[in-house]
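Input: a single structure, listed below in structure tokens.
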Amino acid sequence: MSLKIYNRNPAVLVFAALTILFINSCDGGLTPTESSAGVTGFGGKVVFMGDWPSDVKLTYIVLFKNELLSAADFNIINLKYVSELIPSGTSEFYFNTISSVSLGKVEAGEYAYLAVAQSNSETLNLTRSSWRVAGVYKDPGGLKPGGIIVPDGKFLDGINILCDFNNPPIQPPGQ
Amino acid sequence: MRNKLLKYGIVLNILALSVSFSQTFSISGAVKDSAGTPLLGANVVLENTLKGTATDENGNYTLRSIKPGSYRIIVSMVGFSSRSVQITVIDKNLNGIEMILNPASYRSGQVIVSASKYEQSLSDLPVSASLITSDDFSKNNYTALDDALRDVSGVSMTLDQVSIRGSSGYSRGVGSRVLVAFDGIPLYTGDSGEIIWDLIPVYEIDRVEIIKGAASTIYGSTAIGGAINIVPKRITSNPLTFIRSTAGLYDKPSHMEWDWSDNIRTFNRIAVSHSQYIGNVGISASVYRTENYGYRKNDYDKMLGGYLKLNYDISENTSIGFWGTGYTRQRETFIYWDNLQNALSPPPGDLGNSQPSDRQILSIVYSQKLSDDFRIYLKPSLYLTHWQDETESKNESTSKLYRTELRSLYQFPFNAILVSGIEIQSGVVYSNIFGNKYSYLLGLFSQVEYNLIKNLKTTFGIRFDRGELENLAPESSISPKLGINYKLNETTVFRSSVGTGFRSPSLAEAFTSTSVSGINVKPNPDIKSEKNYSIEFGISHSFGSSLLLDMAVFHSEYKGLIEPRIDPADTKVIFENITQAKIQGAEINSFVNLLDQMVTVKTGYIYLWARDTKYKKALKYRARHSLVSSIDINYHIFNAGFTFKYLSRTEAIDAELIDYGIIKDGDKRVDIKVLDVRLSLNLFNYGIPLRFFLNANNLLNYNYVEMIGNISPIRHYSFSAELLF
Numbered sequence: 001m002s003l004k005i006y007n008r009n010p011a012v013l014v015f016a017a018l019t020i021l022f023i024n025s026c027d028g029g030l031t032p033t034e035s036s037a038g039v040t041g042f043g044g045k046v047v048f049m050g051d052w053p054s055d056v057k058l059t060y061i062v063l064f065k066n067e068l069l070s071a072a073d074f075n076i077i078n079l080k081y082v083s084e085l086i087p088s089g090t091s092e093f094y095f096n097t098i099s100s101v102s103l104g105k106v107e108a109g110e111y112a113y114l115a116v117a118q119s120n121s122e123t124l125n126l127t128r129s130s131w132r133v134a135g136v137y138k139d140p141g142g143l144k145p146g147g148i149i150v151p152d153g154k155f156l157d158g159i160n161i162l163c164d165f166n167n168p169p170i171q172p173p174g175q
Numbered sequence: 176m177r178n179k180l181l182k183y184g185i186v187l188n189i190l191a192l193s194v195s196f197s198q199t200f201s202i203s204g205a206v207k208d209s210a211g212t213p214l215l216g217a218n219v220v221l222e223n224t225l226k227g228t229a230t231d232e233n234g235n236y237t238l239r240s241i242k243p244g245s246y247r248i249i250v251s252m253v254g255f256s257s258r259s260v261q262i263t264v265i266d267k268n269l270n271g272i273e274m275i276l277n278p279a280s281y282r283s284g285q286v287i288v289s290a291s292k293y294e295q296s297l298s299d300l301p302v303s304a305s306l307i308t309s310d311d312f313s314k315n316n317y318t319a320l321d322d323a324l325r326d327v328s329g330v331s332m333t334l335d336q337v338s339i340r341g342s343s344g345y346s347r348g349v350g351s352r353v354l355v356a357f358d359g360i361p362l363y364t365g366d367s368g369e370i371i372w373d374l375i376p377v378y379e380i381d382r383v384e385i386i387k388g389a390a391s392t393i394y395g396s397t398a399i400g401g402a403i404n405i406v407p408k409r410i411t412s413n414p415l416t417f418i419r420s421t422a423g424l425y426d427k428p429s430h431m432e433w434d435w436s437d438n439i440r441t442f443n444r445i446a447v448s449h450s451q452y453i454g455n456v457g458i459s460a461s462v463y464r465t466e467n468y469g470y471r472k473n474d475y476d477k478m479l480g481g482y483l484k485l486n487y488d489i490s491e492n493t494s495i496g497f498w499g500t501g502y503t504r505q506r507e508t509f510i511y512w513d514n515l516q517n518a519l520s521p522p523p524g525d526l527g528n529s530q531p532s533d534r535q536i537l538s539i540v541y542s543q544k545l546s547d548d549f550r551i552y553l554k555p556s557l558y559l560t561h562w563q564d565e566t567e568s569k570n571e572s573t574s575k576l577y578r579t580e581l582r583s584l585y586q587f588p589f590n591a592i593l594v595s596g597i598e599i600q601s602g603v604v605y606s607n608i609f610g611n612k613y614s615y616l617l618g619l620f621s622q623v624e625y626n627l628i629k630n631l632k633t634t635f636g637i638r639f640d641r642g643e644l645e646n647l648a649p650e651s652s653i654s655p656k657l658g659i660n661y662k663l664n665e666t667t668v669f670r671s672s673v674g675t676g677f678r679s680p681s682l683a684e685a686f687t688s689t690s691v692s693g694i695n696v697k698p699n700p701d702i703k704s705e706k707n708y709s710i711e712f713g714i715s716h717s718f719g720s721s722l723l724l725d726m727a728v729f730h731s732e733y734k735g736l737i738e739p740r741i742d743p744a745d746t747k748v749i750f751e752n753i754t755q756a757k758i759q760g761a762e763i764n765s766f767v768n769l770l771d772q773m774v775t776v777k778t779g780y781i782y783l784w785a786r787d788t789k790y791k792k793a794l795k796y797r798a799r800h801s802l803v804s805s806i807d808i809n810y811h812i813f814n815a816g817f818t819f820k821y822l823s824r825t826e827a828i829d830a831e832l833i834d835y836g837i838i839k840d841g842d843k844r845v846d847i848k849v850l851d852v853r854l855s856l857n858l859f860n861y862g863i864p865l866r867f868f869l870n871a872n873n874l875l876n877y878n879y880v881e882m883i884g885n886i887s888p889i890r891h892y893s894f895s896a897e898l899l900f
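Structure follows, in structure tokens:
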């Protein structure tokens, strides 16, 4: 029956399609609750300079709560955040700790070591010798290299890390 | 009437063979609607000639200096189906040729001037084109041209930047890939190369013609994605005064977090216009004032403008005209929101920012008919702008853009028309952000349209441009074009075109050095022109008098596309030739008439595949799907209608502005779904020269952004009254 009506008058079909779209439009669009204002975390950009080492299999942004004073500090308790996997060969990578997450949730506080770490292993593990640091965040406020303070209820922008393959940073102990 | 004309034509055709061709004659008559009401402003042209005119307020027309021969008269007017009749001129004037036009929503027979800079029927073009009429402006209560363009299929706006079929993204008001012209005079400013939409009072617009696809062969730089030509209203023979007043208000925001004001946010505008001929001198003048308190904080806008058009018919073959338009404006600046929780407020540091501006364009139009087949036009113009930021940066710019076009039209005796011209442009800018710079541009163009065989029109054109920006290396460009239009029969028309385009960088793209609202911009002295080519195939088919379908597929490739990006070394924005792009897609438009023209339904859908071919990603600020549909119901003195727009969520945006923390929540965006509703009452049929309009825009109060960090207008209502006497 309804097909016959459509056959007689294509405008009915158009009208029906538009009605569906109208109803679908009543969801209101953007809402304030989607805002990241008041959210604790940080974001920025990683820039890679020079040729990527051929043996790199995995690259992540990692955040440790305490200083890496020995290989033993390279553990899951100390590791508070791991970003999404950074594709090998890329020249720049945008991230934020809200949506670009493989592991962890960043909370307010002082952290000792924010860096870009690369592994020559194809599986994710916490064996210190599998990893090397390609770049370390440098706080403009004068904290030690890698240090960052995340305030409560604030999202820090512009947390940028430079990875210069021709001039790698000092490596933490235990490599 | 039709049979009578046919018989008349056959007899005269036979007699025509033995008549001398040395004299010229005139053809006159009237154009009326089916109720016998004279139609003002109907276009009357002789097919394949340069002869054309428009009807006066009594519906009368006269075509002069017609050589003996057989012709087809085509009469068209927006809102009516076009009519044509074959006539033959032998040895006397032809008077009393009356044409009756029936209402129609189709615009296929409408005469336009923008595709080749002379009058052509829309159905004769090798490219896709669309129209917006003065009636569209009235009934939709469009207050600026960019509002009207949002409702045109294949055209999209990102704030104030226009894009035809995905040609442009968003470059912060700098440069344009669509040439916008008023009466053929480009409207881009001499400094930033942007389009100031409010400079043209909508009350003075007869129609807007939109050419889709590269049009640089005729229009030069900037027409890389297409051209939009605004055709002004004609000066009327008898005195005619027009007054339109509008008052409106914004609804409360749909979320209490956004409700920043205790007051109702209102807007109002009034325009007064008068037109008449005194002897051989025609005058049309208008003044207008608008005030908008804005739905956003720090978004107040007040403008006072004026428009003047003069025309003096020196002789039957010579006329000289002048038009000028300008405004003075006080406007607060809202660049982007504080964050999505305060989406209608700017960052606290931007409060109090404003940008006063004054802009004027002046132009002279000289027309000389050298013979029945040869005309020339001279159009010098001057565009003056001055603006300054009332912010910490104290940015300021004064620019002068001089432009002259000399154009000729020649009709060959073998069904061909040649349009040729030379264009010279010189600009100078004094600014603390662009520096004190000059620019010049020289363009030479020629295009011929030829009826190769019956029903097949071919167009070939070529243009040479050479331009220079201050001390940058001069650049040259050659832009050829080829097009065909084939009428298979009365109902089916095929069209195809291949065109090229280029765009010289604006002074702003090359030399800007500033900081505004946290965005730092640095100059790029190595910037070059961007170039493209586009191909289109289209078909138009009418199914009786109830349905017209128009379909097109298109493909464009861009080289050296200029886009803004953030330099990681110093996080400053720089305009660079950073990429190559491919834009492909399909467009389908339908026009449906129902219940004996009482209901008209127009729907346009476009699919766009816009890809950066160098970095293999989507181009910024292009929606893959867009749909515009409107339904109008005309009953007696009432008109009711609505327009619904849908654009899919843009795939790519300026991610850097978000990741560097410049625009908080800038990644928050959704599909666009907007419903506008209108109701009007026309008392003209009762002899009362009044019309009333009631509009509710964004009726669903749908919250969306065209540009990141900018909520588009929330639901607002307006009432307008139009008086014509």
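If you read the sequences in order, they're chains A and B.
115 is the number that the working numbering gives to position 115 of the first sequence; each next residue is one higher, with no gaps.
One gets the working numbering by counting positions in the second sequence from 1 and adding 175 to each.
In this text, a Cβ means the ideal position worked out from N, Cα and C, and glycines have one as well.
Residue-level contact to chain A via CB, residue i, 8 angstroms cutoff
i              : result
residue 481(B) : no
residue 690(B) : no
residue 256(B) : no
residue 800(B) : no
Residue nearest to residue i in terms of C-alpha spacing, selected from the options
i              : options                        : result
residue 790(B) : 591(B), 770(B), 754(B)         : 754(B)
residue 498(B) : 527(B), 536(B), 466(B)         : 536(B)
residue 258(B) : 320(B), 276(B), 236(B)         : 276(B)
residue 500(B) : 323(B), 382(B), 376(B), 424(B) : 376(B)
residue 761(B) : 246(B), 441(B), 772(B), 710(B) : 710(B)
residue 352(B) : 671(B), 778(B), 705(B)         : 705(B)
residue 859(B) : 876(B), 900(B), 883(B), 893(B) : 900(B)
residue 449(B) : 415(B), 478(B), 438(B)         : 415(B)
Three-way DSSP call (helix, strand, coil) for residue i in this model
i              : result
residue 313(B) : helix
residue 347(B) : coil
residue 39(A)  : coil
residue 174(A) : coil
residue 857(B) : strand
residue 364(B) : coil
residue 123(B) : Nothing about residue 123(B) can be read from this structure; chain B reaches only from 176 to 900.
residue 562(B) : strand
residue 125(B) : Since the first residue shown for chain B is 176 and the last is 900, residue 125(B) is missing from the structure and cannot be characterised.
residue 486(B) : strand
residue 882(B) : coil
Cβ of residue i within 8 angstroms of any chain B Cβ
i              : result
residue 140(A) : no
residue 111(A) : no
residue 154(A) : no
residue 94(A)  : yes
Contacts of residue i in chain B (Cβ-Cβ under 8 angstroms)
i             : result
residue 34(A) : 515, 840, 843
residue 30(A) : 515, 518, 843, 844, 845, 878, 879, 880, 886
Chain-ordered chain B contacts of residue i [CB-CB under 9 angstroms]
i             : result
residue 55(A) : The premise fails here: residue 55(A) is roughly 26 angstroms from chain B at the closest Cβ pair, so nothing lies under 9 angstroms.
Per-residue contacts from residue i into chain A (C-beta, under 8 angstroms)
i              : result
residue 816(B) : Simply none; closest approach about 13 angstroms.
residue 433(B) : 32
Contact set between residue i and chain A, taken where Cβ atoms lie within less than 7 angstroms
i              : result
residue 836(B) : 157, 158
- prompt: Just checking, does the stretch 664-682 of chain B make contact with the stretch 645-655 of chain B on the three C-beta pairs under 8 angstroms criterion?
  reply: The answer is yes - the stretch 645-655 of chain B touches the stretch 664-682 of chain B, with three or more Cβ pairs under 8 angstroms.
Touch test, the stretch 554-561 of chain B against the stretch 355-375 of chain B, Cβ-Cβ under 8 angstroms, three pairs minimum: Touching, yes, given that three or more Cβ pairs across the two stretches are closer than 8 angstroms.
- prompt: Would you call the stretch 846-853 of chain B and the stretch 815-829 of chain B in contact, with 3 or more CB pairs under 8 angstroms?
  reply: Counting Cβ pairs under 8 angstroms, three or more are found: they touch.
message: With three or more beta-carbon pairs closer than 8 angstroms as the criterion, would you say the stretch 657-672 of chain B touches the stretch 318-329 of chain B?
response: No, the stretch 657-672 of chain B is not in contact with the stretch 318-329 of chain B.
message: Counting beta carbon pairs with one atom in the stretch 853-872 of chain B and one in the stretch 820-827 of chain B, are three or more of them shorter than 8 angstroms?
response: No, because fewer than three Cβ pairs between the stretch 820-827 of chain B and the stretch 853-872 of chain B fall closer than 8 angstroms, the two stretches do not touch.
query: Do three or more CB pairs link the stretch 694-704 of chain B to the stretch 735-747 of chain B at distances below 8 angstroms?
result: Because the criterion of three Cβ pairs below 8 angstroms is met, the stretch 694-704 of chain B and the stretch 735-747 of chain B touch.
message: I want to know whether the stretch 109-121 of chain A touches the stretch 140-159 of chain A - three or more CB-CB distances under 8 angstroms.
response: Touching, yes.
- prompt: Are three or more beta carbon pairs between the stretch 215-228 of chain B and the stretch 574-594 of chain B nearer than 8 angstroms?
  reply: In the pairwise beta carbon analysis, the stretch 215-228 of chain B is classified as touching the stretch 574-594 of chain B: at least three pairs are separated by under 8 angstroms.
query: Are three or more beta carbon pairs between the stretch 297-313 of chain B and the stretch 873-891 of chain B nearer than 8 angstroms?
result: Segments in contact, no.
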